[in-house]
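Novice: Sending over a structure as structure tokens; questions will come in a sec.
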């Protein structure tokens, strides 16, 4: 069976899967990105994991291509360079290494684009030409589709919403700036918000019994769903600052819809409602169209892998390769 290998290189872990043309993941794997602070060692570990992924399929798996997303990856050069959430000090040639190793097409892009490509190919954006996909995880990224085409920009860093300024002189961000949206709306950012609000207010909360090192957006979201007022306040604050920046994106791109992806989005209306309210509050009042904010239709642990696979299938179709 013909497969595409979809890969998501995250700041914490790397996920990969064998993806069919209709969006099935036949096998998948995960390993720690942080176990390989050297780029060459990471590439060797990645290749080994791809080999094992295919071996798990037995004789039925044939790789037609590899689609990979990583922070600060460049669609045009295939390099990863200067990513704030990765430990690699030197540029890493993802495309060159993997193409030489596997002798198949390798398509590389910014990690935030994977969720958008996956949503377009296999999710709720199949019939949309203009939409944004915002992924909240270790960092915050935004994939942009305009007129049916993924927007890369000059150096494939279009959509770096996480590193736009949300507050002048605000929190320090891993990129070195102050006040980036990612410093507020990301896994670490949301925990920082929780700790700050817990220290500011005396109201009882189940969050107070959780050690700071164990607190996570998933726990905060779950406690909010359970009715914890402080957890809900954290999500309201997060939604307000996220909506503030998304209002700018709406004004610039006029999307048909915005999708929120990542574990935090599982809080559902407790995050989406304040975010949408915030977008409407900060968007200019003569904006002509309603703003549609939706959760991703794809599973959190599969979304980026499906996006990587979709990169390959799109590439093959663009090259007019017929797959039987």
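Residue numbers (full-length UniProt numbering): 1 to 324. Think of the CB as a built atom: it goes at the ideal place given N, C-alpha and C, for glycine as much as any other residue.
Thinking just about the alpha-carbon of each residue, which of 94, 128, 135, 98 is nearest to the one in residue 113?
Specialist: The option with the nearest alpha carbon to residue 113 is 135.
Novice: When burial is assigned at 16 or more other CB atoms within 10 Å of the CB, is residue 208 buried or exposed?
Specialist: Answer is exposed; the Cβ neighbour count stays below 16.
Novice: Is there contact here, the stretch 265–276 with the stretch 219–229, by at least three beta-carbon pairs under 8 angstroms?
Specialist: Yes, the stretch 265–276 touches the stretch 219–229.
Novice: Are the beta-carbon atoms of residue 243 and residue 275 separated by less than 7 angstroms?
Specialist: Yes, these two residues count as a Cβ contact at 7 angstroms.
Novice: To the nearest whole angstrom, what separates the beta carbons of residue 259 and residue 296, a pair I think is in contact under 8 angstroms?
Specialist: Confirmed, Cβ separation roughly 5 angstroms.
Novice: Under 7 angstroms between the Cβ atoms of residue 164 and residue 150?
Specialist: Result no, Cβ atoms of residue 164 and residue 150 do not sit closer than 7 angstroms.
Novice: For residue 167, which residues from the same chain have a beta carbon less than 7 angstroms from its beta carbon, with the 5 sequence-adjacent residues on both sides left out?
Specialist: So the qualifying residues of the chain are 179.
Novice: Assess, as a yes-or-no matter, whether the stretch 118–126 is touched by the stretch 43–58 under the definition of 3 or more beta carbon pairs within less than 8 angstroms.
Specialist: Flag = no, the stretch 43–58 and the stretch 118–126 do not touch.
Novice: Check whether the Cβ atoms of residue 30 and residue 48 lie closer than 7 angstroms to each other.
Specialist: It is not a contact, given that the beta carbons lie outside the stated cut-off.
Novice: If contacts are defined as beta-carbon pairs under 8 angstroms, then residue 162 and residue 132 qualify, I think. What distance do you get, rounded to the angstrom?
Specialist: The Cβ separation is near 13 angstroms, so there is no contact.
Novice: Identify every residue that forms a DSSP beta bridge with residue 213.
Specialist: Answer is none; residue 213 lacks a bridge partner.
Novice: Go to residue 47, then tell me how far its alpha helix (DSSP H) extends in each direction, as first and last residue.
Specialist: From DSSP, the alpha helix (DSSP H) with residue 47 extends over 39–55.
Novice: Measuring CB atoms only, is the stretch 194–202 touching the stretch 92–111, in the sense that at least three cross pairs come out at less than 8 angstroms?
Specialist: With the cut-off at 8 angstroms, the stretch 194–202 and the stretch 92–111 do not touch.
Novice: Output the boundary residues of the beta strand (DSSP E) element that contains residue 295.
Specialist: Residues 293–295.
Novice: Could you give the distance in angstroms between the alpha-carbon of residue 18 and the alpha-carbon of residue 304?
Specialist: Cα to Cα, residue 18 sits roughly 12 angstroms from residue 304.
Novice: Just reading off the alpha helix (DSSP H) that residue 143 is part of, what are its end residues?
Specialist: Run containing residue 143: none in the alpha helix (DSSP H); it sits in the beta strand (DSSP E), 140–146.
Novice: Looking at residue 311: is its Cβ nearer than 7 angstroms to the Cβ of residue 107?
Specialist: Contact flag set, yes.
Novice: Between the alpha carbons of residue 22 and residue 1, how many angstroms are there, rounded?
Specialist: Going by the C-alpha atoms only, they are around 12 angstroms apart.
Novice: Excluding the 5 residues flanking residue 93 on each side, which residues of the same chain have their C-beta closer than 7 angstroms to its C-beta?
Specialist: Only 78, 79 meet the Cβ criterion.
Novice: When the Cα atoms are used, what is the spatial distance from residue 73 to residue 9?
Specialist: Cα to Cα, residue 73 sits roughly 10 angstroms from residue 9.
Novice: Mapping the DSSP letters down to three states, classify residue 178 as helix, strand or coil.
Specialist: DSSP places residue 178 in strand when its eight states are reduced to three.
Novice: By the three-class DSSP mapping on this structure, what secondary structure does residue 8 have?
Specialist: Residue state, collapsed to three classes: strand.
Novice: Please list the terminal residues of the continuous beta strand (DSSP E) segment that includes residue 62.
Specialist: 62–70 is the extent of the beta strand (DSSP E) around residue 62.
Novice: Could you give the DSSP three-state label for residue 223: helix, strand or coil?
Specialist: Looking at residue 223 - three-state DSSP - the assignment turns out to be helix.
Novice: Which of helix, strand or coil does DSSP assign to residue 22?
Specialist: Coil at residue 22, not helix or strand.
Novice: Is the CB of residue 183 under 7 angstroms away from at least one CB in chain B?
Specialist: Although the question refers to chain B, the structure presented lacks it and comprises just one protein chain.
Novice: Indicate whether residue 197 and residue 233 have their beta-carbon atoms separated by less than 7 angstroms.
Specialist: Yes, the pair counts as a contact, with Cβ atoms nearer than the cut-off.
Novice: My output table needs one value for residue 58: the three-state DSSP class, helix, strand or coil.
Specialist: Helix, per DSSP.
Novice: With a cut-off of 8 angstroms on the beta carbons, I'd call residue 85 and residue 143 a contact; round off their distance for me.
Specialist: At roughly 17 angstroms, the Cβ-Cβ gap does not stay under 8 angstroms, so residue 85 and residue 143 are not in contact.
Novice: What residue from 83, 101, 213 has the CA that sits closest to residue 33's CA?
Specialist: Closest option to residue 33, Cα to Cα, is 83.
Novice: If the criterion is Cβ atoms closer than 7 angstroms, does the pair residue 61 and residue 3 meet it?
Specialist: Cβ distance < 7 angstroms, so residue 61 and residue 3 count as in contact.
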